[in-house]
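**Student:**
Protein chains: 2
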Amino acid sequence: MYLMINVEESSYGMPITGNGVAKVVDSTHPNFNKGDLIWGMTGWEEYSLIKSPEYFFKIQHTDVPLSYYTGILGMPGATAYFGFYEVCSPKKGETVFVSAASGAVGQLVGQFAKLSGCYVVGSAGSKEKVDLLKNKFGFDDAFNYKEEPDLNIALKRYFRDGIDIYFENVGGKMLDAVLLNMKLRGRIAACGMISQYNLEQPEGVHNIFCITTKQIRMEGFTVLDYYHNYPKFLETVLPKIKEGKITYIEDITEGLESAPAALIGLFSGRNVGKQVVVVAHE
Amino acid sequence: MYLMINVEESSYGMPITGNGVAKVVDSTHPNFNKGDLIWGMTGWEEYSLIKSPEYFFKIQHTDVPLSYYTGILGMPGATAYFGFYEVCSPKKGETVFVSAASGAVGQLVGQFAKLSGCYVVGSAGSKEKVDLLKNKFGFDDAFNYKEEPDLNIALKRYFRDGIDIYFENVGGKMLDAVLLNMKLRGRIAACGMISQYNLEQPEGVHNIFCITTKQIRMEGFTVLDYYHNYPKFLETVLPKIKEGKITYIEDITEGLESAPAALIGLFSGRNVGKQVVVVAHE
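Going down the list, the protein sequences come from chains B and F. The letter at position 76 of the first sequence is residue 76 when you use UniProt numbering, and the numbering goes up by one with no holes. The letter at position 67 of the second sequence is residue 67 when you use UniProt numbering, and the numbering goes up by one with no holes.
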């Protein structure tokens, strides 16, 4: 019924997949029955044949928008949660920087950081997104990276004493500038590097030596390794959504036929919030 | 009496320091008495005034060469030990790559890897050093990086199924090639990046995105954070030296006046094994 659009699923020459919310129309699997609402990796299609049900979750709570299971209560939400809490080991009072901060993952990392008593700044690619970060998602500050001639100087403006935690979504020049501004024993959760995916030759990152000199831990991760803790995540985040303590924005497009344009839009930064496609209204 | 020469201590405009073995000639500190043999960070000088004795260790075992406390039983040895065991979390049967492998740290990492049941390959910059790695230090294989036109191809030759653990001593092009060859969930201990220290602009590393796609953990560390476990290290390594299960090579130069040339030699790879200067024979 809903499909989230994600750059990582767009491998050339492969059938395109995405995290979807769906209703079971038929099942021989004991855990899934006809009529069950589920979320997990489906295809860009109206009906999907699921051969590997390990990473599918039955939806138990329907008092939130079902599309949330493609986002805040699905893969991006769990990515933000486990990436921030498990990979970054945040402590109260630490400083956090999030790139691509208005995206589905970034907007949540920022809010988790605030809930943990951290100072958090985000970067995004338009004035509209920067306003959202500051006024809707409660980031302490935010900036438009496209308007910064020198990212190193921009970061120094917001982090006079340096960055404890960087939630990395973009790579390239931003990572280079961040490395110069990391504190001793800083942590970088390498969640994605969207600026690099469409380049023939990825950009060189020159300040990697900072990892040695500042004893930085940089760690790539996949949410798949944390799905066994999904119930704990749901238990924590669901009440916060209902109490209005966590805000979430989606960019909803109608019709499966609009999915290709929505995917292309991700690379130019057109979307605001998680890009979702409505496949069917039922 | 002995002084180890280390590139990291050669900051421009600063008094040059190095890990030294010394005898206390006078002390007002309750833990150190006249006549005690100690090791720790001293100056390039015949007599040192120690104002911060926290990182000084009293030498209890004198049945090994005292110069070993500038190396295998001192800072480089503890760096290899804690970097390999604590940062890399090795498991039996894993594959390990060590760059600058004939250096004081590298030669020990390789031997620890073998003692842990790993497959280990090292790179070095001369035929002589490669021979040492294979024939003296027990590396499974070794290669001369200067004779490899393509480091990626060289690594694929030794690691057909990829690298689990990389002990990083050089940075730059080698790191770039290693990233392409790391396995899923590989670990990189970022100990040093000697190839980058004397460059005006550090080289760009293009394959950092592998950290994300392969869920690699890359971690800089300093041995200072592990010194509280030094007694455990000594307890493990000292018997292995006495039983001949760990071999160690030093490059010993006579006289403090030879220290500058010895330091410069490090950058051209002239030394084989830990570069040590004899300041006094007593």
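Just so you know, even glycine gets a beta-carbon here, dropped at the ideal spot from N, CA and C. As the structure is a prediction and not an experimental result, all values here were calculated from the model.
Counting only beta-carbon atoms, is Pro202 of chain F nearer than 8 Å to chain B?
**Tutor:** Yes - at least one Cβ of chain B is within 8 Å of the one on Pro202 of chain F.
**Student:** Write down the C-beta distance between Asn207 of chain B and Asp176 of chain B rounded to the nearest angstrom, noting that I regard them as a contact closer than 8 Å.
**Tutor:** The pair is a contact, with the Cβ atoms about 5 Å apart (cut-off 8 Å).
**Student:** With the cut-off set at 8 Å, would you say Val237 of chain B and Leu73 of chain B are in Cβ contact?
**Tutor:** Yes, these two residues count as a Cβ contact at 8 Å.
**Student:** What does Ile211 of chain F pair with, by DSSP beta-bridge criteria?
**Tutor:** Answer by DSSP bridge pairing: none, since Ile211 of chain F is not bridged.
**Student:** Measure from the alpha carbon of Tyr85 of chain F to the alpha carbon of each residue in F:Gly125, F:Ala113, F:Pro76, then state which is nearest.
**Tutor:** When each option's Cα is compared against that of Tyr85 of chain F, the closest is F:Ala113.
**Student:** Indicate whether at least one CB of chain F lies closer than 8 Å to the CB of Ile17 of chain B.
**Tutor:** Per the sequence shown, the amino acid found at residue 17 of chain B is Thr instead of Ile. For Thr17 of chain B, the answer is no, since every Cβ of chain F falls outside 8 Å of its Cβ.
**Student:** Among F:Thr70, F:Lys136, F:Met174, F:Asn169, which one has its Cα closest to the Cα of Val279 of chain F?
**Tutor:** That would be F:Thr70, whose Cα lies nearest to the Cα of Val279 of chain F.
**Student:** Would you call the stretch 236 to 255 of chain B in contact with the stretch 229 to 249 of chain F, where contact means no fewer than 3 C-beta pairs closer than 8 Å?
**Tutor:** The stretch 236 to 255 of chain B is not in contact with the stretch 229 to 249 of chain F.
**Student:** Any beta carbon from chain F within less than 8 Å of Ile70 of chain B's own beta carbon?
**Tutor:** With the sequence shown as reference, residue 70 of chain B is identified as Thr, and Ile is not the correct amino acid for it. Chain F contact via Cβ: absent.
**Student:** Would you check if there are 3 or more beta carbon pairs closer than 8 Å linking the stretch 94 to 102 of chain F to the stretch 111 to 128 of chain F?
**Tutor:** As far as the Cβ criterion goes, the stretch 94 to 102 of chain F touches the stretch 111 to 128 of chain F, which means the pair count is three or higher.
**Student:** With DSSP as the reference, label Ser123 of chain B as helix, strand or coil.
**Tutor:** Note: Ser123 of chain B maps to strand in three-state DSSP.
**Student:** What does the alpha-carbon distance come out to for the pair Asn229 of chain F and Ile194 of chain F?
**Tutor:** Rounded to whole angstroms, Asn229 of chain F to Ile194 of chain F spans 27 Å at the Cα level.
**Student:** To the nearest whole angstrom, what separates the beta carbons of Gly220 of chain B and Ile165 of chain F, a pair I think is in contact under 8 Å?
**Tutor:** With a Cβ gap of about 15 Å, Gly220 of chain B and Ile165 of chain F do not count as contacting.
**Student:** Can you round the beta-carbon distance between Leu132 of chain F and Val223 of chain F to whole angstroms, since I take them to be within the 8 Å contact cut?
**Tutor:** Leu132 of chain F to Val223 of chain F, Cβ: 24 Å. No contact.
**Student:** Within this structure, are the beta carbons of Met218 of chain F and Met218 of chain B separated by less than 8 Å?
**Tutor:** Yes; because the gap between Cβ atoms is below 8 Å, this pair is in contact.
**Student:** What number of angstroms, rounded off, separates the C-alpha of Lys34 of chain B from the C-alpha of Leu184 of chain B?
**Tutor:** About 54 Å.
**Student:** Just tell me which of F:Cys210, F:Asn169, F:Val64 has its CA closest to the CA of Gly83 of chain F.
**Tutor:** Ranking the options by Cα distance to Gly83 of chain F, first place goes to F:Asn169.
**Student:** From what residue to what residue does the alpha helix (DSSP H) around Arg157 of chain F run?
**Tutor:** First-last of the alpha helix (DSSP H) with Arg157 of chain F: 151 to 158.
**Student:** Within 10 Å of its beta-carbon, does Ser11 of chain B have 16 or more other beta-carbons around it, so buried, or fewer, so exposed?
**Tutor:** Caution is warranted here: a pLDDT of 42 is assigned to Ser11 of chain B, below 50, making its placement in the model unreliable, and the coordinate value is therefore given only provisionally. Exposed.
**Student:** Take Thr17 of chain F and list the residues in its own chain whose beta-carbon comes closer than 8 Å to its own, dropping the five residues that flank it on each side.
**Tutor:** Answer for Thr17 of chain F: Glu9, Met41, Thr42, Gly43, Trp44, listed in chain order.
**Student:** Mind listing the chain B neighbours of Val178 of chain F? Cutoff is C-beta to C-beta under 8 Å, in chain order.
**Tutor:** Here the premise fails: no neighbours, minimum Cβ distance about 12 Å.
**Student:** Please report the residue range of the alpha helix (DSSP H) in which Thr236 of chain B lies.
**Tutor:** Where Thr236 of chain B is concerned, the enclosing alpha helix (DSSP H) stretches over 230 to 242.
**Student:** Whose CA, out of F:Phe267, F:Glu257, F:Gly269, F:Arg270, lies closest to the CA of Glu46 of chain F?
**Tutor:** For Glu46 of chain F, the nearest C-alpha among the options comes from F:Glu257.
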